[in-house]
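Asker: According to this note's numbering, the sequence shown holds residues 101 to 392 in order.
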Amino acid sequence: MADSEPVCQPAYPAHAIAVDEGDVNLLQFAENLEHLEADYFLWGALGYGLDEVAPQLVMGGPPPIGAKKAKLDNLTLNIITEFAYEEVAHLRILKRTVGGFPRPLMDLSAGNFAKLIDSAFGYALVPPFDPYHDSLSYMISCYVLPYMGLVAYVGTNPLLIGYYSKRLLAGLLGVESGQDAVIRTYLYERAKEQVHPYKHTVAEFTARISELRNRLGKCGIKDEGIIVPKELGAENRTTTNVLSSDADSISYMRTPAEVLRIVYSTGDEHIPGGFYPKGGNGKIARGFLKKP
């Protein structure tokens with residue numbers, strides 16, 4: 101035994117399926133979110149996107165609308181650059197494993213983010229919110245992104261059959277959760293800071309964004325800001341909420357339909373808009389668009 105090679109890989113049953121046929125569409129759905137994050141982070145940090153970094157992953161899809169480089173300080177730039185390359189790798193392994201589709205048309209313009217923030221507050225901010233204006237504004241905009249992948253992947257996990265499908269999704273979920281935690285911690289450290297030039301604090305921005313996503317998702321509370329009332333805090337004992345989780349302190353989950361209602365900003369998975377003016381791609385997203 102002392103001379104044997106150490107075992108480093110799990111021993112899957114001989115009859116186990118690596119990627120079940122039913123897993124493919126579920127994993128491909130994730131590519132919509134990964135495309136959104138990859139291009140938003142790449143453009144924000146580097147000033148160019150997937151077309152330059154990994155054009156083979158675009159598969160002929162149109163370039164995003166309105167994406168540009170953000171004015172980031174060194175700390176924020178380093179964080180977002182790392183996130184960007186992580187998302188490129190996510191797309192690569194997903195498309196290598198289950199195939200892919202052309203990048204969907206995405207609206208990453210300041211105007212689209214401004215509409216989202218206006219909807220969250222219930223009135224038009226003056227001047228309009230611009231995610232590219234500075235580091236804090238950009239990180240507030242990023243609050244919108246990895247968390248949607250997190251809850252989507254938690255919801256997808258029980259539906260997967262193949263052992264490699266589960267391994268892949270768990271790996272994606274781990275990194276998306278980490279990104280979300282970094283963003284939330286960054287914002288929590290600045291919770292009481294006012295977001296210039298508005299009178300609203302960082303904590304208010306996160307609370308309003310989370311409330312908006314709950315309204316659009318139409319399935320109750322599955323999203324929480326960085327400061328919450330005690331009844332939503334861990335064991336009903338904290339108002340701090342660095343991590344968003346349910347009454348058992350486990351991550352919330354969302355279905356593909358819920359995710360689309362939110363990222364479309366329409367509250368309806370059949371009506372595209374928001375980040376995806378023409379809807380997401382893949383069988384699941386396109387299937388919803390065909391229904392009345």
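Using N, Cα and C, we set each Cβ at its ideal position, and we do this for glycine too.
Between E335 and chain C, is there a C-beta pair that is closer than 9 Å?
Answerer: The structure shown has no chain C; it contains just one protein chain.
Asker: Please return the same chain residues whose Cβ sits closer than 7 Å to the Cβ of R308, not counting the five positions on each side in sequence.
Answerer: A220, F221
Asker: Using a Cβ-Cβ cut-off of 6 Å (strictly less than) and excluding sequence neighbours within five positions of D234, which residues of its own chain qualify?
Answerer: Taken in chain order, the residues that qualify are K171.
Asker: Touching or not, the segment 284-301 and the segment 256-275, by the rule of three or more beta carbon pairs under 8 Å?
Answerer: no
Asker: Kindly list the residues whose CB is nearer than 8 Å to the CB of G149, restricted to its own chain and excluding five residues on each side of it in sequence; keep chain order.
Answerer: A138, D139, L142, W143, P163, P164, A167
Asker: Determine the contact status of E324 and S344, defining contact as a CB-CB distance below 9 Å.
Answerer: Yes. Within cutoff.
Asker: If you drop the 5 nearest sequence neighbours on each side, which residues of the same chain put their C-beta closer than 6 Å to that of I180?
Answerer: Excluding its 5 nearest sequence neighbours in each direction, I180 has C-beta neighbours in its own chain below 6 Å: F141, G144, A145, listed in chain order.
Asker: Measuring alpha carbon to alpha carbon, tell me which residue in G199, Y263, Y352 is nearest Y112.
Answerer: Y263
Asker: Using 9 Å as the threshold, is the C-beta distance between A130 and Y247 below it?
Answerer: No, these two residues do not count as a Cβ contact at 9 Å.
Asker: Buried or exposed: which applies to I51, given that a residue is buried once 16 or more other Cβ atoms fall within 10 Å of its Cβ?
Answerer: What is shown of the chain runs 101 to 392, which leaves residue 51 out entirely.
Asker: What residues are listed by DSSP as bridge partners for Q294?
Answerer: T301
Asker: Could you check what DSSP says for I217 in three-state terms: helix, strand or coil?
Answerer: Helix, per DSSP.
Asker: Would the beta-carbon of A210 fall within 9 Å of that of Y232?
Answerer: yes
Asker: Which one of G320, S237, T197 has the shortest CA to CA distance from S265?
Answerer: T197
Asker: By alpha-carbon positions, which one of L126, I371, T285 ends up nearest to T340?
Answerer: Out of L126, I371, T285, T285 has the C-alpha closest to the C-alpha of T340.
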